[in-house]
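In this note's numbering, the protein residues as written are 9 to 113. The block underneath contains the structure these notes are about, expressed in structure tokens.
Pasting the structure below:
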């Protein structure tokens, strides 16, 4: 089934509240299984080049747009390496009843 495709480990930190300054607070990062496809693309404009980075993540763990994610091999202790989803979609299998989440970083 789908969980056989989830061969990567990422870390997920969900919003746990709001502090006195109105900033989100987050739960401790938790390891979850996922399928991660990382994509880099190089674009040129005149004399400058830039690298655009994106990743597509498939998981059975509910992810929300405000959550933080760390990709495989990134230390979840380093909040500078955390990513916020730009898009989250979900679908539920008719036969299995499992909800699958597709996250784009």
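Every residue, glycine too, gets a C-beta built ideally from N, C-alpha and C.
Item to complete: Have a look at residue 32 and residue 38 and give me their C-alpha separation to the nearest angstrom.
Response: On the chain shown, position 24 is the one that residue 32 refers to. On the chain shown, position 30 is the one that residue 38 refers to. Looking at the two C-alpha atoms, the distance is approximately 17 angstroms.
Fill in: Proximal residues to residue 65 (C-beta, below 6 angstroms), its chain only, five neighbours per side dropped
Within the chain shown, numbered from 1, the residue matching residue 65 stands at position 57. Once the five neighbours on either side are set aside, the close Cβ partners of residue 65 are 42, 44 and 111.
Discussion item. Here's the rule I'm using: 16 or more other beta-carbon atoms within 10 Å means buried, otherwise exposed. How should residue 87 be labelled?
Written reply: The sequence position of residue 87 within the chain shown is 79, counting from 1. Exposed.
Item to complete: Could you check how far apart the C-beta atoms of residue 10 and residue 68 are, in whole angstroms? I think they sit under 8 angstroms.
Response: As a working mapping, residue 10 is identified with position 2 in the chain shown. As a working mapping, residue 68 is identified with position 60 in the chain shown. The Cβ separation is near 7 angstroms, so the contact holds.
Worksheet entry | Beta-carbon gap between residue 82 and residue 20 smaller than 8 angstroms | Along the chain shown, one-based indexing puts residue 82 at 74. Along the chain shown, one-based indexing puts residue 20 at 12. The answer is no: Cβ separation not under 8 angstroms.
Worksheet item: Given residue 62, which residues of its chain have a CB within under 7 angstroms of its CB, disregarding the five upstream and five downstream residues?
Response: Position 54 of the chain shown, counted from the start, is the residue given in the question as residue 62. Around residue 62: 47, 112 and 113.
Discussion item. When you compare the CB positions of residue 16 and residue 80, do they come within less than 8 angstroms of one another, or not?
Written reply: Position 8 of the chain shown, counting from 1, holds the residue named residue 16. Position 72 of the chain shown, counting from 1, holds the residue named residue 80. Their beta carbons are under 8 angstroms apart, which means residue 16 touches residue 80 by this criterion.
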